[in-house]
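Student:
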Amino acid sequence: MLNKKVVLYVTGSIAAYKSVYLLRELQRNGAEVRVVMTSFAEKFVSSLTFASLSKHFVYDDNSFTDDAEQIKHIELAKWADLSIVAPASADFIAKLANGIADNFALTTLLATDSRKIIVPAMNDVMFHNFATQNNLEVLKKNQITVLDTATGMLAEGYSAKGRMLEPLDIINQVKRSLIKTGELNNFKILVTAGGTQEDIDPVRVISNRSSGKMGYAIAEAAAQAGAEVTLISANCNLQASSGIKVVPVRTSSELMNTVLSELPSYDALIMAAAVSDFRVHEVAKQKIKKDPNQDYFELILEKTPDILKQVALAKQEHQLIVGFAAETQNFEKNAQKKLKAKGLNMIVLNDVSNPKIGFSSDDNQVTIIDDKQKVIKTEIASKIEIAQKIIEIVEQKLR
Ligand code: CTP
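With my numbering, the residue at position 261 of the sequence shown is 659, and numbering never jumps.
(1) Do you know offhand how far Ala352's Cα is from Leu406's?
(2) Hey, would you say Ala723 sits closer than 8 Å to Leu747, going by beta carbons?
(3) What first and last residue would you give for the alpha helix (DSSP H) that runs through Pro565?
(4) State the Cα-Cα distance for the pair Leu494 and Leu508, rounded to the nearest angstrom.
(5) Could you please give the first and the last residue of the uninterrupted alpha helix (DSSP H) stretch that includes Asp614?
(6) Pick from Leu545, Gln531, Ser758 and Ala553: whose alpha carbon is nearest that of Asn521?
(7) What is the rounded straight-line gap between the Cα of Lys578 and the Cα of Ala785?
(8) Between the Cα of Lys402 and those of Val418, Val408, Gly410 and Gly428, spot the shortest distance and give me the residue it belongs to.
(9) The alpha helix (DSSP H) that contains Ile705, what's its start and end?
(10) How big is the Cα-Cα spacing for Ala733 and Glu777?
(11) How is Val601 classed by DSSP in three states: helix, strand or coil?
(12) Which stretch, first to last residue, makes up the alpha helix (DSSP H) that contains Lys787?
(13) Put Phe722 into one of helix, strand or coil per three-state DSSP.
(14) If you run the structure through DSSP and keep just helix, strand and coil, what is Lys772?
(15) Phe676: which of Asp693, Lys683 and Pro703 sits nearest, CA to CA?
(16) To which residues of the same chain is Thr505 closer than 7 Å at the C-beta, ignoring the five residues directly before and after it?
(17) Is Glu722 a contact residue of the ligand CTP, with contact defined as CB to any heavy atom under 7 Å?
(18) Answer with buried or exposed for Arg561, where buried requires no fewer than 16 other C-beta atoms within 10 angstroms of its C-beta.
(19) Is Val647 closer than 8 Å to Ala666 when the C-beta atoms are compared?
(20) Gln622 and Tyr664: beta carbons closer than 8 Å?
(21) From what residue to what residue does the alpha helix (DSSP H) around Leu807 run?
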């Protein structure tokens, strides 16, 4: 959560429309938000949109008043816990880096000692220009957090680096930069997510309903705690925030090979992926045609290797291995069995039969059991909160 008083500064860029969504996401995360717009920003998006959503008037260059009792830029500067400039144009960045305060937004930013986060958005050539890069360096050297730009389609109609990050990515990075301590600084965490696919023929697969949300949330929570994170992602339609290295895989054997080759340089493996237990014994080389006389069709399946069992053989003494148990009955008993059989340090038990907390849901409830038989049951909470709890325990064990 971001239970903070946030001032969102919107400057002149086509990306200003995305700040409407950013405002919404900040509120969804518990922030109270006031918006300041530059006169250029007001050409792109109406201040009424921000006023309606923030339920507060928008500050702009008309907010300077003659009233000596009410110096609005100083009041707002003091009110803020956090200042986010998104989008930050090249011109605004240049002025901010040089203490120029020729509008309400710059004056307020100059007067606030709140934490500052800059989210640039501009044309790729302007972004790479030496002046912009020098100005961003000046901001960074002065404890201002500067987020990167994304590569993608620019308003100019071609793809290049300079786009503003997406609102959810901004929120994740803001949270990460606000973490009090990097409890997992200097630790490397390997996470798997999603569900593997096994080929039947060139067009058909056997798979499962895992969305990957839990694994992605764990990767995010580990990164927020300061860890270097690699996420091995099996068939997920999700976006990891920048800073997390994503290695895509498809089949259980690709997943196993990637896990085993990455494992030696990591401190912990968190195996949230749902792995196919069986694959087709002989994959058809051509698409299997329907036989009009056949109502039933048999496939011969063979077991896939248990990746965690292979990990148990390869693991080094200091490495922490966390498995998941997806169960629909005999929950704790089954989880305890898996903990032992797979040589795990910890297992996270999931009731996948409950639609409120199962596959694809944004929420979860888990029971965490460790190899000392300590049992922790969480409340129903968002997958990111559950992930933070899991990471907190991982962190205690790694220390
Ligand atoms: N797992 C694995 N390799 C497999 C199957 C599962 O490493 N071939 C891992 C999963 O990533 C998870 C844990 O083992 O961390 C438990 O997975 P789960 O599907 O709950 O159990 P299974 O071992 O497949 O047993 P069962 O299907 O009988 O419940």
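Glycine included, C-beta positions come from ideal geometry on N, C-alpha and C.
Tutor: Let me lay it out:
(1) Residue 352 is absent from the model: the chain starts at 399 and stops at 797.
(2) yes
(3) Pro565 to Leu576
(4) 8 Å
(5) In the sequence on display, residue 614 carries Tyr and not Asp. It spans Lys611 to Gln622 - the alpha helix (DSSP H) in which Tyr614 sits, taken as one unbroken run.
(6) Ala553
(7) At Lys578 the pLDDT is 49, less than 50, meaning the model places this residue with poor confidence and gives no usable figure here.
(8) Gly428
(9) Ile705 to Ala712
(10) 18 Å
(11) coil
(12) Lys781 to Leu796
(13) strand
(14) coil
(15) Pro703
(16) His471 and Ala499
(17) At residue 722 the sequence reads Phe, which differs from the Glu that was named. Yes, the beta carbon of Phe722 sits closer than 7 Å to at least one heavy atom of the ligand CTP.
(18) buried
(19) no
(20) no
(21) Past the edges of the chain, shown from 399 to 797, lies residue 807, and the structure says nothing about it.
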